[in-house]
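Trainee:
2 protein chains.
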Amino acid sequence: MIKRKTAMNKQMVQEKISARPYKGARDFYPEDMRIRNYIFDVWRKICNRYGFEEYDFPIMEPFEIFAAKTGEEIVNEQMFTLKDRAGRRLAIRPELTPGTVRLLAQRYNEIAKPIKWFMIGNNWRAEKPQKGRGREFYQLEMNVFGIEGVEADFEIFSAMIDIMKEFGAKKNMFKIYYNDRRLIRALLNDSLKLKGDTQIRVRRIMDKRAKISKGEFFNSLYEFDLSNSQAEKIEKFLTSSLNSIANVIPEKILKRNPGYQAMLELIEMLETNDLAKYCEFNPAIIRGFDYSDGLVYEIFDTDPKNNRSMFGGERFDKLINIFGDYDLAATGFAMGDYTLLEFLRNWKLLPTLSTETKVLVTVFEEKLSQNSFKLTQDLRSEGINAELYLEAVKLEKQLKYADRKGIPFVIVQGPDEAKKGTVQLKDMKSKTQKEVTPQEAVQKLMQ
Amino acid sequence: MIKRKTAMNKQMVQEKISARPYKGARDFYPEDMRIRNYIFDVWRKICNRYGFEEYDFPIMEPFEIFAAKTGEEIVNEQMFTLKDRAGRRLAIRPELTPGTVRLLAQRYNEIAKPIKWFMIGNNWRAEKPQKGRGREFYQLEMNVFGIEGVEADFEIFSAMIDIMKEFGAKKNMFKIYYNDRRLIRALLNDSLKLKGDTQIRVRRIMDKRAKISKGEFFNSLYEFDLSNSQAEKIEKFLTSSLNSIANVIPEKILKRNPGYQAMLELIEMLETNDLAKYCEFNPAIIRGFDYSDGLVYEIFDTDPKNNRSMFGGERFDKLINIFGDYDLAATGFAMGDYTLLEFLRNWKLLPTLSTETKVLVTVFEEKLSQNSFKLTQDLRSEGINAELYLEAVKLEKQLKYADRKGIPFVIVQGPDEAKKGTVQLKDMKSKTQKEVTPQEAVQKLMQ
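Protein chains in written order, with the numbering used here: chain A, 1 to 447; chain B, 448 to 894.
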């Protein structure tokens, strides 16, 4: 009998639904939400500071817009897809750039150019959840459209630096590494004379260089019939400085290479504006998106213990052409919340974030509750964030609750105070209290 | 030949991807986003004012949590579902309440009670897109947990009213209609003595009463073997006042009905606090969710031209039990952005929302661009939202751009000003300009 009952109980328990979120997705409890709001507020503040305008679009998008240019790995292995009841193929967005360009294509003739836009939105990718990486993540996407010149890239670099500085980052903590896809083309096409298809595949292998050994790297290149001297040239390219690149790519090719020239221009602007100290040329920056077609950049955490790419961006002048024959230069970056948070924690830059609530109004006993209700509404109508406890439980419990939530002030009105028409205003930090009139309490809390 | 070429062009055009969003989903261009931010800001402001804490959870949730209690129509006909690569069944959330309760179940023992939480999040339902209703919509979800007494419902009513007032709504524009599921139970169970299953079905038909004729309504009830006199009683119930309800449900049943008693208590509190004028008992308020188990309420636009439910809420004390044997009283509402926006437009309550950008710094000519860059950075470092035009196109074009975007000030520096170290500060509204030093411009714009 006992055995059977246990089995039945077990079954009943199993019928309950798990309270955990979907694998790799995050719940934001109030303490997590404060951090997220802090990050979003800084993002929004600096983007507004730069005169960029906020936009947004749906998290579910037609499948095709990612299939076109987002890149094999994301589309085939990581994207969440579904069909609606009418058979339309949909994707949960894995990134914000194609949707952004879709909006511009949709109103191409109406929107005043140049366009400076930002958005904050979430993406989903079915990656293996790991430290600093989940299946759902938020990104700030910030772009300049309609400006071909390197001024747009400079503005974006400047904004990235100001965002990092607003989070409290110092120049020794991060570095913007940049390169240009057209320089890679100068190497693979103009110098090594590889075929078009092979160029794309070799570029993808180059993007993985940091994660594999030299031997593995060379073997991968041999698979595409590259000679040993070609492989050596690529290896040498990946570790060149902007000066020594001429040892790999002939000077005359460099001279007419728009990517190389754009970087020289950018460097001059960075130097003039004292931003060069945050930036460095690095030919190993490749980026994985098929739509990158000019300057590419990635921002690294410089801490040797956490030395990795945090976020990146690129030129993507041609991406809009998946929607039609439009002409719209584009450059910008997408900054993820996961890696940023790890950076902030790692460098101890995250501030202490306390509750927005200024005061808890307690309910001393049932028959005094109307006084508490009234006082709370008076506080609120003066713009003070005031929580009402709502139940006349033991005062000690109510004070403990305020303490646990970090609410800085508590108001108590017992029968004695009620008779006199006063309240006790408790400062939870200094552990002091003062008997005041409700009006005085409002005045004090408004300071 | 010509024919063939046309056909080919057509094919090429067709290969381009549509730039429209998925059916029923919305793009938020900057002018739309300003409105959304305004709505969210008001929501967040009043929730913080009430001492509620913000949280969030993923838009993709395990399928089961909605299948349990969200209601047949939404789950079977409107919910977007998918499977991940490991075969897990997922749903794009159609509402925010089950996920909210999931978070509480997950940390049931750790969270200090009572719990006052709010979130702003989007939902998806595959409804037929129509005016004031789309497939993607945002909601404010605001709840009190852990308080059985009607004080919690009163707090929620008070918050709903303050939110409406913060949007500029007057008492003649909206009304909170309330009812109690337990009163419906008193009618169907205690008075009419219907079977459990039949009660649920009859309740669903009652919920649709306003949309069908009396004849259709009665015929639907006859299908469940209700007599004509039973149907008449239900019809009479649906149009009763709180006083005349005793003509339908015997006094002795009402006296021991906790729903009826709770409403009497609530009314007293509303009257004492001068909120009764916003609220009215209405037995036709039923709500469609299977988890509603006490007070139910819906907020109506009172405009005869748009007289309909805008949003609603309820008691859902037992919903948490889908996750386990927890004990957690719950009450709160979810307010959608679509219907709210229609309400605000209808009553002309939407304010004019202008750009966050304070000033546009123009680039007069290429060789003066560095001055513009520098000045813009100086403005930004003083906290002024400043856009830099980035290109030395015709000044007229730059001024037109500022005008079109509604940027209130423009700074111009031509060669003459550059020589003197001054700039022209243009006030776009008054169409005046003043020659000042860059420092004076900063000072002026900081005001």
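For glycine and all other residues, C-beta sits at the position ideal for the given N, C-alpha and C.
If you're wondering where the values come from, they're calculated on a predicted model, not measured in any experiment.
Determine which residues of the segment 100-129 of chain A have a Cβ less than 9 angstroms from any Cβ of chain B, and write them out in chain order.
Mentor: Hits within the stretch, in order: V101, R102, L103, L104, A105, Q106, R107, Y108, I111, A112, K113, P114, K116, W117, M119, N122, W124 and A126.
Trainee: Decide if B:I659 is buried, meaning its Cβ has at least 16 other Cβ atoms within 10 Å, or exposed.
Mentor: B:I659 should be labelled exposed.
Trainee: Beta-carbon separation of B:E628 and B:V489 under 7 angstroms?
Mentor: Here residue 628 of chain B turns out to be Arg, not Glu, going by the sequence shown. Contact flag unset, no.
Trainee: Just to confirm, are B:S739 and B:E712 a CB contact at a threshold of 7 angstroms?
Mentor: no
Trainee: Identify which residue in B:F499, B:G830, B:P561 and B:A466 has its Cα closest to the Cα of A:E64.
Mentor: When each option's Cα is compared against that of A:E64, the closest is B:A466.
Trainee: According to DSSP, what are the bridge partners of A:Q130?
Mentor: Note: A:Q130 sits in a beta bridge opposite A:R133.
Trainee: Closest to B:I831 by CA distance: which of B:P855, B:E598 and B:N818 is it?
Mentor: B:P855
Trainee: In this structure, how does DSSP classify B:R536 when only helix, strand and coil are distinguished?
Mentor: Correct three-state label for B:R536: strand.
Trainee: State the CB to CB distance for the pair A:Y138 and A:G336, rounded to an integer number of angstroms; the pair is presumed to be in contact (CB under 8 angstroms).
Mentor: With a Cβ gap of about 7 angstroms, A:Y138 and A:G336 count as contacting.
Trainee: Would you mind reading off the limits of the beta strand (DSSP E) that contains A:N179?
Mentor: Judged by DSSP secondary structure, A:N179 falls within the beta strand (DSSP E) whose first and last residues are F174 to D180.
Trainee: By Cβ distance below 8 angstroms, which residues in the same chain neighbour B:K470 in space, the five residues on each side in sequence not counted?
Mentor: P576 and R582
Trainee: Using the beta-carbon count (16 or more within 10 Å), is A:E61 buried or exposed?
Mentor: buried
Trainee: Give the interface partners of B:T804 over in chain A, defined as CB-CB distance under 7 angstroms, in chain order.
Mentor: G51
Trainee: Return the first residue and the last residue of the beta strand (DSSP E) that A:Y278 is part of.
Mentor: Element bounds for A:Y278: n/a, residue is neither H nor E.
Trainee: Please tell me whether B:E834 and A:N48 are closer than 7 angstroms, where the distance is taken between their beta carbons.
Mentor: no
Trainee: Looking only at DSSP bridge pairs, what is A:K434 linked to?
Mentor: A:L425
Trainee: Could you tell me the boundaries of the beta strand (DSSP E) in which A:S309 lies?
Mentor: S309 to R315 is the extent of the beta strand (DSSP E) around A:S309.
Trainee: For the segment 556-570 of chain B and the segment 796-812 of chain B, state whether three or more C-beta atom pairs, one from each stretch, are separated by less than 8 angstroms.
Mentor: no
Trainee: Taking only runs of the alpha helix (DSSP H) that begin and end inside the segment 645-669 of chain B, which ones reach a length of at least 4 residues, in chain order?
Mentor: 661-669
Trainee: Measuring straight from C-alpha to C-alpha, what distance separates A:Q424 and B:P541?
Mentor: Approximately 46 angstroms between the Cα atoms of the pair.
Trainee: Smallest Cα separation from B:Y773: which of B:E520, B:I692, B:L551 and B:A723?
Mentor: B:L551
Trainee: Would A:I286 and A:D207 qualify as a contact pair, given that the criterion is a beta-carbon distance under 7 angstroms?
Mentor: yes
Trainee: Hey, is A:K429's beta-carbon within less than 7 angstroms of any beta-carbon in chain B?
Mentor: no
Trainee: Tell me the DSSP secondary structure of B:Y707 in three-state form.
Mentor: helix
Trainee: Roughly how many angstroms lie between the CA atoms of B:E715 and B:N666, to the nearest whole one?
Mentor: 39 angstroms
Trainee: Rounded to the nearest angstrom, what separates A:V13 and B:G771 at their Cα positions?
Mentor: Because the pLDDT of A:V13 is 44, which lies under 50, any placement of that residue in the model is unreliable, and the number read from its coordinates should be weighed accordingly. Looking at the two C-alpha atoms, the distance is approximately 7 angstroms.
Trainee: In the DSSP assignment, find the unbroken alpha helix (DSSP H) run with A:Y29 in it and report its ends.
Mentor: Neither: A:Y29 is in no alpha helix (DSSP H) and is coded neither H nor E.
Trainee: Return yes when the Cβ of B:Y725 is within less than 7 angstroms of the Cβ of B:K618, no when it is not.
Mentor: yes
Trainee: What number of angstroms, rounded off, separates the C-alpha of A:A169 from the C-alpha of B:R755?
Mentor: 52 angstroms
Trainee: Helix, strand or coil, according to DSSP, for B:K463 in the structure here?
Mentor: coil
Trainee: Given this structure, state the Cα-to-Cα distance separating A:A210 from A:A68, to the nearest angstrom.
Mentor: 27 angstroms
Trainee: For B:T802, report the span of its alpha helix (DSSP H) as first-last.
Mentor: Per DSSP, B:T802 belongs to no alpha helix (DSSP H) and is neither H nor E.
Trainee: Have a look at the DSSP bridge pairing and note the partners of A:M142.
Mentor: A:F118 and A:F333
Trainee: Kindly confirm or deny that the segment 860-870 of chain B and the segment 181-190 of chain A touch, where touching means at least three C-beta pairs closer than 8 angstroms.
Mentor: no
Trainee: In chain order, what residues of the same chain have a beta carbon less than 8 angstroms from the beta carbon of A:K90, not counting five sequence neighbours either side?
Mentor: The sequence shown places Leu at residue 90 of chain A, not Lys. Within the same chain, A:L90 has close Cβ partners M60, E61, P62, F63, T81, L82, K83 and D84.
Trainee: What number of angstroms, rounded off, separates the C-alpha of B:L775 from the C-alpha of A:R102?
Mentor: Their backbone Cα atoms lie some 45 angstroms apart in a straight line.
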